[in-house]
Amino acid sequence: MRFLLPLLLAATLSPAPSWAQLPALTLEQLPRPTMPPGEKGPVVPAQVERWREEAKALEYGDGVPRNEVAAAKLYCRAARYGDAEAQYNLGWMLTNARGIQRNDAEAAHLFAAAAEQGMAQAQNMLDKMGGTPLGDPPPCLRPPETDPPVALAPPPAARAGGKAASPVSLWNALPLPAQAPPAIVNYVKVLAPEYQLAPALVLAVMAAESNFDPLAESPKKAQGLMQLLPETALRFKATKLRDPAQNIRAGMAYLRWLLAYFEGDVMMALAGYNAGEKAVDRYLGVPPYAETRLYVRKIMASVGGQRLHPFDPSVTPPSPMVQRVKLAMQTLQTR
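Just so you know, my numbering puts 75 at position 75 of the sequence shown, and the rest follows in order with no gaps.
Written out as structure tokens, the structure is:
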């Protein structure tokens with residue numbers, strides 16, 4: 001022991017290393033989480049919630065070893081499926097360089113997505129950062145791989161009797177919602193040709209929006225069978241939202257417009273009906289809102305996954321987002 005004591009004292013009394021001797025450490029040297037791999041098969045809300053809770057435990061070391069990079073990856077997974085809290089938490093990690101590289105541009109997009117879903121603290125953070133984020137959304141807000149891409153061409157036509165079935169005949173063959181009142185079904189069937197819409201699509205939207213209750217009203221003040229906001233109703237010349245006929249006409253006019261705007265892409269049109277066409281353009285697909293993702297999935301299931309619907313290009317010029325995808329596809333084909 002007497003031989004070890006001088007060594008211990010020397011180690012204890014030796015001067016601490018100076019700053020010049022320490023290795024450099026900057027925020028840019030912190031790890032940057034890579035995108036998690038795509039999911040296989042549908043993801044249910046309970047799974048998204050588990051990802052978020054696991055991420056929180058990893059971020060704070062709650063019952064597990066602290067691992068900010070793993071936390072960021074799980075937050076990213078949940079954010080893509082529209083979880084507002086995960087979007088906010090990942091944005092906070094990026095603005096504070098909490099174990100990962102700082103990235104204010106990506107954080108602003110994440111705060112915006114959470115704020116658009118009603119999270120007040122996310123709106124506060126966005127305001128402090130200067131408001132509307134610029135540029136394309138980051139990968140953690142883009143549609144998951146399980147979502148089909150924007151439809152630019154019809155899928156292989158279904159065969160019936162050796163002949164290709166037209167899109168119109170495919171839509172006409174779809175069953176109508178069993179709970180739809182006969183009077184509404186008849187009215188939609190008579191009116192649908194005027195708006196160049198399949199009755200199955202109109203009734204599927206109506207079922208998801210109001211379940212055929214003409215007096216339905218949402219917390220955001222959307223009203224009637226087609227759940228129209230007052231400003232949307234006026235845009236399509238409806239002044240009495242409680243009038244079922246006016247409500248249905250305005251809703252069908254909006255659906256026709258959205259189908260023309262997204263060149264017949266039903267998934268994009270449905271997302272636009274729920275979240276607004278500008279949100280679909282900004283996020284290059286179905287916006288990362290939990291409500292919108294579930295809404296689109298529900299209606300797509302009820303129409304048998306039919307992705308394309310005939311549309312009238314004279315109604316409105318196409319979405320710049322669809323045009324951008326077309327240009328990208330043409331560039332790839334010419335390489």
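The beta-carbon is built from N, C-alpha and C at its ideal position, and this holds for glycine as well.
#### Entry: Length of the line joining the Cα atoms of residue 133 and residue 84
Start at 1 with the first residue of the sequence shown, and residue 133 comes out as number 133. Start at 1 with the first residue of the sequence shown, and residue 84 comes out as number 84. Here the alpha carbon of residue 133 sits roughly 17 angstroms from the alpha carbon of residue 84.
### Query
DSSP three-state call for residue 147: helix, strand or coil?
Taking the sequence shown and counting its residues from 1, one reaches residue 147 at position 147. Of the three classes helix, strand and coil, the one that applies to residue 147 here is coil, per DSSP.
### Message
Going by DSSP, what residue range makes up the alpha helix (DSSP H) through residue 124?
### Response
As a position in the sequence shown, residue 124 is number 124, starting the count at 1. In the DSSP assignment, residue 124 falls within the unbroken alpha helix (DSSP H) covering 120 to 128.
### Query
What are the complete beta strand (DSSP E) segments, minimum 3 residues, inside the region 241 to 282?
None, since the region 241 to 282 contains no complete beta strand (DSSP E) of that length.
### Task
Return yes when the Cβ of residue 138 is within less than 8 angstroms of the Cβ of residue 106, no when it is not.
In the sequence shown, residue 106 corresponds to position 106, counting from 1. In the sequence shown, residue 138 corresponds to position 138, counting from 1. Result yes, Cβ atoms of residue 106 and residue 138 sit closer than 8 angstroms.
### Task
Classify residue 223 as helix, strand or coil using the three-state DSSP reduction.
Residue 223 sits at position 223 when you count from the first residue of the sequence shown. Under the three-state reduction of DSSP, residue 223 is assigned to strand.
### Query
On the three-pair Cβ rule with 8 angstroms, is the region 170 to 187 touching the region 291 to 300?
Not touching, per the Cβ criterion.
### Rounded separation between residue 175 and residue 202 - CA only
Locating residue 175 in the sequence shown gives position 175, counting from the first residue. Locating residue 202 in the sequence shown gives position 202, counting from the first residue. If you draw a straight line from the Cα of residue 175 to the Cα of residue 202, it comes to about 12 angstroms.
#### Entry: Presumed contact (8 angstroms Cβ cut-off) between residue 286 and residue 269, rounded CB distance
Taking the first residue of the sequence shown as position 1, residue 286 is located at position 286. Taking the first residue of the sequence shown as position 1, residue 269 is located at position 269. The distance from the Cβ of residue 286 to that of residue 269 is about 11 angstroms, inconsistent with a contact at the 8 angstroms cut-off.
### Task
Take residue 293 and list the residues in its own chain whose beta-carbon comes closer than 7 angstroms to its own, dropping the five residues that flank it on each side.
The sequence position of residue 293 within the sequence shown is 293, counting from 1. Cβ neighbours of residue 293 beyond the five flanking positions: 81, 82, 286.
#### Entry: Backbone secondary structure at residue 228 - three-state DSSP
Numbered from 1 along the sequence shown, position 228 holds the residue referred to as residue 228. In the three-state reduction of the DSSP assignment, residue 228 falls in the strand class, which pools E and B.
### Query
Taking the runs of the beta strand (DSSP E) that are 3 residues or longer, which of them lie wholly in the region 175 to 202?
Complete beta strand (DSSP E) runs here, min 3: none at all.
### Task
Have a look at residue 308 and residue 61 and give me their C-alpha separation to the nearest angstrom.
Position 308 of the sequence shown, counting from 1, holds the residue named residue 308. Position 61 of the sequence shown, counting from 1, holds the residue named residue 61. About 47 angstroms.
### Task
Just the C-alpha distance for residue 250 and residue 258, rounded to the nearest angstrom, thanks.
Position 250 of the sequence shown holds residue 250. Position 258 of the sequence shown holds residue 258. Whole-angstrom Cα-Cα distance: 12 angstroms.
### Task
Work out the CA separation of residue 170 and residue 196 for me, nearest whole Å.
Here the question's residue 196 lines up with position 196 in the sequence shown. Here the question's residue 170 lines up with position 170 in the sequence shown. Whole-angstrom Cα-Cα distance: 14 angstroms.
### Message
By the three-class DSSP mapping on this structure, what secondary structure does residue 308 have?
### Response
For the purposes of this step, residue 308 is taken as residue 308 along the sequence shown, with counting starting at 1. The answer is strand: DSSP assigns residue 308 an E or B state.
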